[in-house]
Ligand SMILES: [Zn+2]
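Residue numbers (our numbering): 29 to 155.
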């Protein structure tokens, strides 16, 4: 028996991993679980590329049929970096927006103050 989480091997009668506290599985079940995980990662990749490029899943599947697990991992990292960059860019724009509105508020406020002072001085001058 083997732990699906830490991959530690146990005697056949053991039912649970003493470290991870998860039920043990047979080698075959583990292989099936990993195959399922691989399948899900590939589906996720197909979905992400399709979202970005608006191409059909069949095309993406065709381009990715020889992709290795290492390439898949690299691609995933690339996607995550790109998403992060987009997120940071968005935050940058929001910051600039706030700075700009503060600046406009300052200019308008200053102009109003000067106008007020001018009116007061004019009234004083006339008196
Ligand atoms: Zn374990």
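Here a beta-carbon is modelled for each residue, glycine too, at the ideal position from N, C-alpha and C.
Hey, would you say residue i sits closer than 8 Å to residue j, going by beta carbons?
{"i": "residue 65", "j": "residue 107", "result": "no"}
My understanding is that residue i touches residue j, with C-beta atoms under 8 Å, so please give their C-beta distance in whole angstroms.
{"i": "residue 30", "j": "residue 53", "result": "6 Å"}
{"i": "residue 33", "j": "residue 48", "result": "4 Å"}
{"i": "residue 100", "j": "residue 73", "result": "7 Å"}
Within 7 Å: the Cβ of residue i and any heavy atom of ligand 1?
{"i": "residue 81", "result": "no"}
{"i": "residue 118", "result": "no"}
{"i": "residue 33", "result": "yes"}
{"i": "residue 29", "result": "no"}
Give the range of the alpha helix (DSSP H) segment to which residue i is assigned.
{"i": "residue 121", "result": "97 to 154"}
{"i": "residue 33", "result": "Unbroken run through residue 33: none, as it is neither H nor E."}
{"i": "residue 65", "result": "55 to 81"}
{"i": "residue 85", "result": "85 to 91"}
Quick one: does the C-beta of residue i sit closer than 7 Å to a heavy atom of ligand 2?
{"i": "residue 76", "result": "Looking at this structure, you won't find ligand 2 anywhere; what it does contain is ligand 1."}
So, at 7 Å on beta carbons, what are the nonlocal neighbours of residue i in its own chain, with the 5 sequence-adjacent residues on each side left out?
{"i": "residue 78", "result": "85, 88"}
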